[in-house]
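Student:
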Amino acid sequence: MENSQNEIKIIASGDGSHTIFHSGLNETYHSMHGAVQESEHVFIEAGLEQLIPTKKIIPIFEVGFGTGLNAWLTYKKIASSDTKIIYHSLEPYPLKEDIYSQLNYTKNLSDKTLQDFFIQLHKAPWDEEVELNRNFVLKKIKLKLEEYNISGQHFDLIYYDAFAPSKQAEVWLPENIKKVYSLLNKDGLIVTYCARGQFKRDLKEAGFIVETLIGPPGKKEMTRGKK
Ligand SMILES: C[S@@+](CC[C@H](N)C(=O)[O-])C[C@H]1O[C@@H](n2cnc3c(N)ncnc32)[C@H](O)[C@@H]1O
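Okay, structure coming up:
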């Protein structure tokens, strides 16, 4: 895929939160039933919340930084706790400031720190690990999953938030599933909105224990894998 900015348009999803419509792919960045609703359900509730009770430091790897919504909701969840997040996120096509600065995720919040944090996430340098505050270390990596080489860092949680397999089959290939499996620590989790049979078979083939969970509003199922 390419991502020229004239292919990108902000639209409102069913819960009022913004998402991005990519005209080249004819695809949105989130569920049209509700962007925040989907991210909360799939990544925060089925992923992050499973680890918070037992882990003080949670390294997370994301496929597709996009609007920064998952990163921001992750911070929002742990901001007033002792949990520390190490967040590495891949994004080959970063959004420009005139787009991300218009997204409405923080608009109705009175908490200025949370509002500012959304912009901090976007303004953080690429390909460099930065401590944004005592709870959150960020590394945004301007690479495709296919190009990413495993280094020393391993993770407890993977947010697999690429475009759907019907739009971007290359990201869901078995070699990428094996790559993210080897990025995870033992007992680590992968969560995604995708519930395709072939994807779940590939997860099993890579070594994951696979669960099909109830999906976010408007979607029957989602998937969680455990290493
Ligand atoms: C479904 S959107 C979700 C993005 C983000 N998590 C969010 O909440 O906005 C998929 C994202 O994956 C990015 N992407 C496209 N090709 C990719 C690749 N080969 N590897 C990793 N990310 C990719 C897209 O640019 C887009 O930002």
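Take any residue in the sequence shown, count from 1 to its spot, add 140: that is its number in this note's numbering.
Heads up, the beta-carbon is just placed ideally off N, CA and C, and yes, glycines get one too.
These numbers were taken from a predicted model, which means no experiment stands behind them.
1. In chain order, what residues of the same chain have a beta carbon less than 6 Å from the beta carbon of residue 271, not counting five sequence neighbours either side?
2. Please report the Cβ distance between residue 160 and residue 207, rounded to the nearest whole angstrom; I am assuming they are in contact, meaning their Cβ atoms lie under 8 Å.
3. Can you tell me the Cα-Cα spacing of residue 360 and residue 183, whole angstroms?
4. How long is the line joining the alpha carbons of residue 226 and residue 285, rounded to whole angstroms?
5. Examine ligand 1 and report whether any of its heavy atoms sits within less than 6 Å of the Cβ of residue 321.
6. Return the CA-CA distance between residue 235 and residue 251, expressed in angstroms with no decimal places.
7. Consult DSSP for residue 346 and reduce its assignment to one of helix, strand or coil.
8. So, is residue 312 buried or exposed, given that buried needs 16 or more other C-beta atoms within 10 angstroms?
9. If you measure between the beta carbons of residue 423 and residue 255, is that distance less than 7 Å?
10. Considering only their Cβ atoms, is the gap separating residue 257 from residue 229 smaller than 7 Å?
11. Is it true that the stretch 306 to 323 meets the stretch 345 to 353, where meeting means three or more beta-carbon pairs spaced less than 8 Å apart?
12. Per DSSP, what are the beta-bridge partners of residue 159 in this structure?
13. Measuring alpha carbon to alpha carbon, tell me which of 275, 148, 310 ends up nearest residue 212.
14. Below 8 Å on the Cβ atoms is my contact criterion, and I expect residue 297 with residue 198 to pass it. Report the Cβ-Cβ distance as a whole number of Å.
15. Closer than 6 Å: is that where the CB of residue 307 sits relative to any heavy atom of ligand 1?
16. I need the straight-line Cα distance from residue 324 to residue 305, nearest angstrom please.
17. For residue 200, write down the residues that DSSP places opposite it in a beta bridge.
18. Can you say whether residue 357 is buried or exposed, counting buried as having 16 or more other CB atoms within 10 angstroms of its CB?
19. Thinking just about the alpha-carbon of each residue, which of 354, 196, 302 is nearest to the one in residue 232?
20. With a threshold of 6 Å (Cβ to nearest heavy atom), would residue 214 be considered close to ligand 1?
21. For residue 351, which residues of its own chain have a beta-carbon under 8 Å away from its beta-carbon, when the five flanking residues on both sides are left out?
Tutor: So, from the data block:
1. Position 131 of the sequence shown, counting from 1, holds the residue named residue 271. 277.
2. Within the sequence shown, the letter at position 20 stands for residue 160. Within the sequence shown, the letter at position 67 stands for residue 207. Sure, about 6 Å apart at Cβ, within 8 Å.
3. For the purposes of this step, residue 360 is taken as the residue at position 220 of the sequence shown. For the purposes of this step, residue 183 is taken as the residue at position 43 of the sequence shown. Cα to Cα, residue 360 sits roughly 16 Å from residue 183.
4. Within the sequence shown, the letter at position 86 stands for residue 226. Within the sequence shown, the letter at position 145 stands for residue 285. Whole-angstrom Cα-Cα distance: 18 Å.
5. For the purposes of this step, residue 321 is taken as the residue at position 181 of the sequence shown. Incorrect: residue 321 has no Cβ contact closer than 6 Å to ligand 1.
6. On the sequence shown, position 95 is the one that residue 235 refers to. On the sequence shown, position 111 is the one that residue 251 refers to. Their backbone Cα atoms lie some 24 Å apart in a straight line.
7. Reading the sequence shown from its first residue, position 206 is the one you call residue 346. The answer is helix: DSSP assigns residue 346 an H, G or I state.
8. Position 172 of the sequence shown holds residue 312. Answer is buried; the Cβ neighbour count reaches 16.
9. As shown, the chain starts at 141 and ends at 367. That puts residue 423 outside it, with no answer to give.
10. Mapped onto the sequence shown, residue 229 falls at position 89. Mapped onto the sequence shown, residue 257 falls at position 117. No, the Cβ-Cβ distance between residue 229 and residue 257 is not below 7 Å.
11. yes
12. Walking along the sequence shown from the start, residue 159 turns up at place 19. Answer is 151.
13. Along the sequence shown, one-based indexing puts residue 212 at 72. Comparing Cα positions, the closest option is 275.
14. Walking along the sequence shown from the start, residue 297 turns up at place 157. Walking along the sequence shown from the start, residue 198 turns up at place 58. Going by Cβ atoms, the distance from residue 297 to residue 198 rounds to 6 Å, so yes, they are a contact pair.
15. The count along the sequence shown starts at 1 and reaches residue 307 at position 167. No, ligand 1 has no heavy atom inside 6 Å of this Cβ.
16. Translated into positions along the sequence shown, residue 324 becomes position 184. Translated into positions along the sequence shown, residue 305 becomes position 165. Answer to the nearest angstrom: the Cα atoms are 22 Å apart.
17. Residue 200 sits at position 60 when you count from the first residue of the sequence shown. Residue 200 pairs with 227, 297.
18. Numbered from 1 along the sequence shown, position 217 holds the residue referred to as residue 357. By the 10 Å Cβ count, residue 357 comes out exposed.
19. As a working note, residue 232 is residue 92 in the sequence shown. Residue 232 has its Cα closest to that of 302, out of 354, 196, 302.
20. In the sequence shown, counting from the first residue as 1, residue 214 sits at position 74. No, ligand 1 has no heavy atom inside 6 Å of this Cβ.
21. The count along the sequence shown starts at 1 and reaches residue 351 at position 211. 363, 364, 365, 366.
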